Amino acid sequence: MSRLNTNQLSLAYGSRQIVQELNLSVPDGLITALVGANGSGKSTILKSMARILAPTQGGVYLDGKLIHRQPTKEVAKHLAILPQNPSSPEGLTVRELVSFGRYPHQKGFGNLSGEDNRMIDWALQATGMTEFGTRSVDHLSGGQRQRAWIAMALAQGTEVLLLDEPTTFLDMAHQMEVMTLLEKLNKEQKRTIIMVVHDLNHAARYAQHLVALKAGTVLYEGHPEVVMTSQMLRDVFNIDADIIPDPRTGAPLCLPYGLAGEHSEPTTPTPVTGESSPAEYREERVQAMA
Ligand SMILES: Nc1ncnc2c1ncn2[C@@H]1O[C@H](COP(=O)(O)OP(=O)(O)O)[C@@H](O)[C@H]1O
Ligand SMILES: [Mg+2]
Numbered sequence: 276m277s278r279l280n281t282n283q284l285s286l287a288y289g290s291r292q293i294v295q296e297l298n299l300s301v302p303d304g305l306i307t308a309l310v311g312a313n314g315s316g317k318s319t320i321l322k323s324m325a326r327i328l329a330p331t332q333g334g335v336y337l338d339g340k341l342i343h344r345q346p347t348k349e350v351a352k353h354l355a356i357l358p359q360n361p362s363s364p365e366g367l368t369v370r371e372l373v374s375f376g377r378y379p380h381q382k383g384f385g386n387l388s389g390e391d392n393r394m395i396d397w398a399l400q401a402t403g404m405t406e407f408g409t410r411s412v413d414h415l416s417g418g419q420r421q422r423a424w425i426a427m428a429l430a431q432g433t434e435v436l437l438l439d440e441p442t443t444f445l446d447m448a449h450q451m452e453v454m455t456l457l458e459k460l461n462k463e464q465k466r467t468i469i470m471v472v473h474d475l476n477h478a479a480r481y482a483q484h485l486v487a488l489k490a491g492t493v494l495y496e497g498h499p500e501v502v503m504t505s506q507m508l509r510d511v512f513n514i515d516a517d518i519i520p521d522p523r524t525g526a527p528l529c530l531p532y533g534l535a536g537e538h539s540e541p542t543t544p545t546p547v548t549g550e551s552s553p554a555e556y557r558e559e560r561v562q563a564m565a
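Take the sequence shown: its letters are residues 276 to 565, numbered as in our numbering.
This is the structure we're talking about:
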């Protein structure tokens with residue numbers, strides 16, 4: 276089942292066509308990862324799904340209704356987006372930013388209800404941002420700022436979450452934290468998540484549906500175990516890679532070796548004694564690989 280889908284969706288910036296006649300169904304209650312090279316149209320598609328970019332043809336449907344024909348506030352009750360490069364007014368505090376997520380639910384003149392405050396507290400806590408509530412957003416580190424924006428999207432309390440590169444700027448621990456949080460929201464609350472990610476191993480581990488794009492067209496789509504193949508890596512990213520099962524989770528793990536057609540065959544690593552000089556060590560390795 277799919278509450279959110281595109282039908283013959285075409286998108287352009289001015290006269291520049293980016294996406295043509297895209298038919299994409301986002302599976303309900305799953306995590307979908309959108310992958311593809313830079314410039315392949317991932318953000319453009321996400322923006323149109325969030326009603327930010329209007330189609331030149333076709334449309335995006337939520338529960339069978341064209342989202343571009345519905346008021347922003349109505350759509351925002353069901354669907355939240357974390358844009359790729361969000362920006363906020365100068366001097367805004369983290370809590371103020373997160374409270375913007377409650378806008379679609381507010382009646383009257385923007386007074387926060389008890390429920391609004393509960394959701395804001397929860398979103399701050401879920402993203403580990405509680406202690407930063409009174410800090411100015413523009414004084415945060417890149418990673419903290421990213422988490423503040425994720426908190427805003429969470430505070431919106433929507434069934435569908437669109438996240439454009441949610442782990443960019445985050446160190447490994449915070450990347451894991453965000454991914455684990457998304458996994459939890461998906462498992463426990465059945466939220467539908469569509470995320471753009473560059474780390475294919477994250478995509479394969481956390482998503483149950485993978486969509487691989489090239490030049491605005493879907494080349495591969497399906498469960499990561501089916502879609503994540505050396506062939507896909509070659510076709511979509513122009514990369515030569517091996518795919519092995521993750522020893523702990525069994526998810527497909529991608530080991531990239533080089534650009535397609537330019538790498539040497541994988542070699543068996545030789546043990547290192549630790550006693551060679553760098554030059555000797557290099558010579559040993561070269562001989563071992565010959
Ligand atoms: N606001 C814009 N105006 C004009 N062209 C844009 C704009 N945003 C993106 N593009 C172009 O559209 C194409 C797709 O971009 P984008 O969707 O951001 O790719 P991705 O997110 O996959 O990296 C790129 O060629 C990019 O240069
Ligand atoms: Mg992008």
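C-beta atoms are modelled at their ideal positions from N, C-alpha and C, and glycine is treated no differently. Quick caveat: nothing in here was measured; it's all calculated off a predicted structure.
Proximity to residue 317 [Cα-Cα], best of 496, 488, 355 and 500
488
Candidates 479, 475, 307 and 507, of which the one nearest residue 526 by Cα
479
Have a look at 470, 446, 385 and 341 and flag the residue whose alpha-carbon is nearest the alpha-carbon of residue 483.
470
How long is the line joining the alpha carbons of residue 418 and residue 475, rounded to whole angstroms?
20 Å
To which residues of the same chain is residue 493 closer than 8 Å at the C-beta, ignoring the five residues directly before and after it?
297, 299, 486 and 487
Does DSSP put residue 489 in a helix, a strand or coil?
strand
What is the rounded straight-line gap between the Cα of residue 397 and the Cα of residue 312?
35 Å
Can you tell me which of 389, 360, 535 and 347 puts its alpha carbon nearest to the alpha carbon of residue 379?
347
Rounded separation between residue 517 and residue 532 - CA only:
8 Å
Kindly give me the distance between the Cβ atoms of residue 363 and residue 372, rounded to whole angstroms, as I take these residues to be in contact under 8 Å.
6 Å
Assuming residue 336 is part of the beta strand (DSSP E), what are its boundary residues?
332-337
Burial state of residue 447 (16 or more Cβ within 10 Å):
exposed
In or out: residue 394 buried (at least 16 other Cβ within 10 Å) or exposed?
buried
Contact under 8 Å by Cβ, residue 411 with residue 367
yes
Going by alpha carbons, who is nearest to residue 530 out of 276, 515, 294 and 510?
515
Taking residue 426 as part of the alpha helix (DSSP H), name the residues at either end of that continuous run.
417-430
What does the alpha-carbon distance come out to for the pair residue 328 and residue 491?
15 Å
Using only alpha-carbon positions, find the residue among 429, 290 and 305 that is nearest to residue 352.
429
Which residues in the same chain as residue 387 place their Cβ atom closer than 7 Å to its Cβ, once the five residues preceding and following it in sequence are excluded?
374 and 377
Buried or exposed (CB count within 10 angstroms, at least 16 for buried), residue 330:
buried
Please indicate yes or no: does the CB of residue 300 lie closer than 7 Å to some heavy atom of ligand 2?
no
Can you give, in chain order, each stretch of the beta strand (DSSP E) that sits fully within the segment 342-389 and has at least 3 residues?
354-357
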